[in-house]
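Accompanying notes for the structure given below.
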Amino acid sequence: MRRGWTLPVLAGLGFVFLYAPIVALVVFSFNESRLVTVWAGFSTRWYVALFTDRQILNAAWVSLQIAFVSATLASVLGVLAALVLARFGRFRGRLLLTGMTTAPLVMPEVITGLSLLLLFVAMERVIGWPSGRGMMTVIIAHTTFCLAFVAVIAQSRLRDMDKSLEEAAQDLGAGPVRVFFDVTLPVIAPAIVAGWLLAFTLSLDDLVIASFVSGPGASTLPMVVFSKVRLGVSPDVNALATIIIAVVAVSVAIAGWVLYRQARRRERRE
Amino acid sequence: MSAPAEGQGARPGLLGRLGFSGRTLVIAVPMLWLLLFFLVPFFVLGRISLSDPMLARPPYTPLFERGPDGSLEWLGDLENYALLWADSLYRNAYLSSIGIAFTSTVFALLIGYPIAYYIARSPEPRRTILLLLVILPFWTSFLLRVYAWMGFLQREGLINSFLLWVGVIDAPLQMMQTTFAVQLGIVYTYLPFMILPLYANLTKIDEAFFEASADLGASPVVTFLTVTLPLSVPGIIAGCMLVFIPAIGEYVIPALLGGPDTLMIGRVLWDEFFSARDWPVAASVAIVMLFLVVLPVMWLQDYLDRRGLKG
């Protein structure tokens with residue numbers, strides 16, 4: 000199996016399966032025809048259509064704002080939760096907090112979305128806040144489900160890190176707050192960045208939860224795209240997809256290059 | 000939240016020495032957020048599942064009503080749950096969700112395993128590049144990856160055009176709006192979740208095992224079946240869980256690729272809420288899903304964790 004041809008062929012077919020739809024999506028975004036499956040010559044008209052579509056542009060701006068705020072809030076709360084679970088030893092409610100930071104990872108989105116919407120409606124009735132639904136309620140919902148992902152990443156980094164660093168700082172007289180900001184935070188910073196990026200992507204990508212908790216005037220990009228593609232294939236969505244794929248591919252390529260260089264440097268040092 | 004003496008000194012050093020107020024504050028912030036926005040919503044969900052729908056804002060009946068003599072009268076009932084039990088639509092939706100998720104998971108494993116194994120056996124830098132190629136689609140939009148298949152599967156789509164051109168078929172195949180399309184969509188979008196844990200597990204296996212097996216005269220196929228496969232069971236379990244769990248509650252894929260007869264519970268819940276505007280029935284569908292799907296899954300994960308079987 001290792002030196003034979005079976006494995007490379009099967010793996011190659013797997014990669015074709017992964018990339019064929021993406022390649023087709025990109026190719027047909029440059030198609031002159033509205034029909035997404037008949038090639039009628041090269042054109043960039045769907046990109047022009049995309050960038051003059053106010054609804055899409057507005058939704059993209061709403062989505063970016065929501066993703067930025069939710070990812071940041073989720074990172075702060077997620078790191079706090081991770082810190083509490085990894086460093087605080089025993090306290091009342093520990094099991095509850097553990098459950099509440101892992102359950103969102105397996106919770107179906109329809110349940111999260113529906114239950115949060117019902118909470119917002121009930122809260123509005125009882126205390127008058129949040130009045131109506133919009134960006135604020137989407138941010139709260141996204142923060143809550145992204146928090147769990149950040150907490151998991153930060154927690155595993157906190158478990159792996161050398162605790163003697165924190166102990167040394169403490170022996171030298173640093174208070175707990177100082178230890179956290181001067182020692183712990185710099186060490187786990189890469190994990191927090193990874194968590195923030197994951198939270199940002201998850202928020203930007205979410206359709207189901209946003210559809211439940213969003214209100215008028217706060218349609219996110221996935222909500223607008225979904226209402227478009229429900230009616231069938233549309234080439235300006237292909238153009239949008241191509242832009243997203245290009246941004247992600249460039250970012251992943253840069254990240255890959257940095258990781259590769261780091262690995263090489265580490266190898267050389269050893 | 001926490002008694003002042005408790006915990007202090009339970010794990011000496013570091014933040015454990017934070018004063019009572021600081022320590023409690025750090026615990027309280029994430030705890031209160033999650034209590035309010037994660038736990039309390041389930042109680043609201045449970046409460047509304049006991050109501051009846053009503054043309055009002057919000058569209059459900061109150062649980063208590065003040066009688067003429069000023070006493071509180073209980074109005075809640077289990078009617079919605081009785082409906083879920085009596086109407087075969089809901090039962091079939093739960094069963095077919097599990098069936099579709101199961102089939103998709105098996106196919107994701109069959110397609111993902113060779114990819115993971117090939118990457119794990121590749122030298123650097125090819126390994127890193129291939130790994131990034133697997134991760135890349137995951138960072139692009141989920142919705143747009145499902146959408147990509149619409150252009151492939153529709154009546155005038157690429158697959159039908161190709162098959163007609165080659166002459167394998169005389170008339171276009173109906174692929175969109177079928178259960179097959181839903182399964183394909185799930186396999187496609189969740190494949191990275193299958194490959195990554197499998198890869199992580201396969202790279203950990205010591206090469207010496209394969210060499211020993213080969214030295215003892217086992218053919219590559221025998222080595223694979225008797226050495227590689229059993230050693231990769233934790234990776235297989237982890238990958239299958241990551242595909243199976245989100246697939247059950249999936250809404251987007253059946254909504255875009257499935258037909259009217261493709262029943263999935265996430266879609267039933269969505270339609271009850273958005274189309275039928277029946278909030279109480281939607282809430283009871285969610286509660287039943289929680290008990291039939293989410294809690295068993297959490298229990299299983301905990302069980303596998305304790306047995307050390309997860310990748």
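In the order they appear, the protein sequences are chains A and B. Each residue of the first sequence is one higher than the one before, counting from 0 in numbering that gives the first Met the number 0. Each residue of the second sequence is one higher than the one before, counting from 0 in numbering that gives the first Met the number 0. Heads up, the beta-carbon is just placed ideally off N, CA and C, and yes, glycines get one too.
Query - Cα-Cα separation between L97/A and L84/A, rounded to whole angstroms - result: The amino acid occupying residue 97/A in the given sequence is Thr; Leu does not appear at that position. Their backbone Cα atoms lie some 7 Å apart in a straight line.
**Report entry** Residue of R89/A, A66/A, L12/A and A121/A minimising C-alpha distance to R56/B
**Finding:** A121/A
Query raised in the report: Of the choices G150/B, R46/B, E78/B and S95/B, whose alpha-carbon is the least far from that of G231/A?
Result: G150/B
**Report entry** Beta carbon proximity, S140/B to chain A, threshold 8 Å
**Finding:** yes
Requested in this report: Can you have a look at A254/B and say buried or exposed, based on whether 16 or more other CB atoms are within 10 angstroms of its CB?
Outcome: buried
**Report entry** CB contact below 8 Å: Y146/B versus chain A
**Finding:** At least one chain A Cβ lies under 8 Å of Y146/B.
**Report entry** Contiguous alpha helix (DSSP H) assignments of at least 4 residues, all confined to the stretch 94-178 of chain A
**Finding:** You should have 108-126, 134-159, 162-170 and 175-178.
Query - Reference E270/A, options T188/B, E123/B, I247/B and G21/B, closest by Cα - result: Shown here, chain A extends from 0 to 269; a query on residue 270/A therefore has no answer.
Query raised in the report: Given a limit of 9 Å on CB to CB distance, which residues of the stretch 6-31 of chain A reach chain E?
Result: As a matter of chain content, chain E is missing from the structure shown, whose protein chains are A and B.
Report task. Taking L71/B as part of the beta strand (DSSP E), name the residues at either end of that continuous run. Result -> Start and end: L71 to W73.
Query raised in the report: Buried or exposed: W138/B, going by 16 or more other Cβ atoms within 10 Å of its Cβ?
Result: buried
Query raised in the report: Are at least three pairs of beta-carbons, each pair with one atom in the stretch 104-119 of chain B and one in the stretch 74-85 of chain B, less than 8 Å apart?
Result: no
Query raised in the report: Based on the DSSP secondary-structure assignment, which residues constitute the bridge partners of Y59/B?
Result: P52/B
Query raised in the report: Near P191/B, what residues of its chain come up, given a Cβ to Cβ distance below 8 Å and the 5 sequence neighbours on each side ignored?
Result: V133, I134, P136 and F137
Query raised in the report: Would the beta-carbon of E31/A fall within 8 Å of that of A23/A?
Result: no
Query raised in the report: Is any beta-carbon of chain B found at less than 8 Å from that of M299/A?
Result: Shown here, chain A extends from 0 to 269; a query on residue 299/A therefore has no answer.
Query raised in the report: So, do the stretch 41-53 of chain B and the stretch 266-285 of chain B have three or more beta carbon pairs nearer to each other than 8 Å?
Result: yes
Query - Residue nearest to I144/A in terms of C-alpha spacing, selected from V246/A, V176/A, V109/A and W128/A - result: For the sequence presented, residue 144/A should be read as Phe rather than Ile. Residue V109/A is the option with its Cα nearest to F144/A.
Query - Counted within 10 angstroms of its Cβ, other Cβ atoms place A9/B as buried (16 or more) or exposed - result: Per-residue confidence for A9/B stands at a pLDDT of 43, beneath the threshold of 50, marking its modelled position as unreliable; the derived number appears in the next sentence. So A9/B counts as exposed.
Requested in this report: Check each candidate in D159/A, R260/A, R264/A and A10/A and name the one with the smallest Cα separation from A119/B.
Outcome: A10/A
**Report entry** Closest by C-alpha distance to Y250/B, when choosing among V186/A, F211/A and K162/A
**Finding:** Considering only alpha carbons, the answer is F211/A.
Query raised in the report: Out of curiosity, what's the CA-to-CA distance linking L251/A and R91/A?
Result: This sequence places Val at residue 251/A; Leu is not what is there. When only Cα atoms are considered, V251/A and R91/A end up about 42 Å apart.
Query raised in the report: Of all Cβ atoms in chain A, is any one closer than 8 Å to the Cβ of R22/B?
Result: yes
Query raised in the report: Among residues of its own chain, excluding the 5 on either side of P11/B, which ones have a beta-carbon nearer than 7 Å to its beta-carbon?
Result: The predicted model places P11/B with a pLDDT of 45, which falls under 50 and marks its position as unreliable; any figure quoted below should be read in that light. Excluding sequence neighbours, P11/B sits near nothing in its chain.
Report task. Identify the contact partners of L171/A in chain B, using a Cβ-Cβ distance below 7 Å as the criterion. Result -> Neighbours of L171/A on chain B: none; closest Cβ ~13 Å, over 7 Å.
**Report entry** Segments assigned alpha helix (DSSP H), at least 4 residues, entirely inside the stretch 85-153 of chain B
**Finding:** 87-120, 125-138 and 141-152
Requested in this report: Return the first residue and the last residue of the alpha helix (DSSP H) that A329/B is part of.
Outcome: A query on residue 329/B cannot be resolved here, the shown segment of chain B reaching from 0 to 310 and no further.
Report task. Express the C-alpha separation of L196/A and L183/B in angstroms, rounding to a whole number. Result -> 28 Å
**Report entry** Close Cβ partners of V221/B (< 8 Å) along its chain, the five nearest in sequence each way excluded
**Finding:** S212
Report task. State the CB to CB distance for the pair G112/A and V207/A, rounded to an integer number of angstroms; the pair is presumed to be in contact (CB under 8 Å). Result -> 5 Å
Query raised in the report: Alpha carbon to alpha carbon, what distance is there between L184/A and S1/B?
Result: Model confidence at S1/B stands at a pLDDT of 39, short of 50, so the residue's coordinates are unreliable; what they give is reported in the following sentence. Distance between the alpha carbons of S1/B and L184/A is about 25 Å.
Query raised in the report: Straight-line CA distance for Q300/B to L94/A?
Result: 16 Å
Query raised in the report: To which residues of the same chain is P295/B closer than 6 Å at the C-beta, ignoring the five residues directly before and after it?
Result: none
**Report entry** Neighbour flag for P129/A against chain B, beta carbons, 8 Å
**Finding:** no
Query - chain A within 8 Å of Y80/B, Cβ atoms only - result: no
Report task. Would you decide whether M175/B is buried or exposed? Buried here means 16 or more other CB atoms lie within 10 Å of its CB. Result -> Classification for M175/B: buried.
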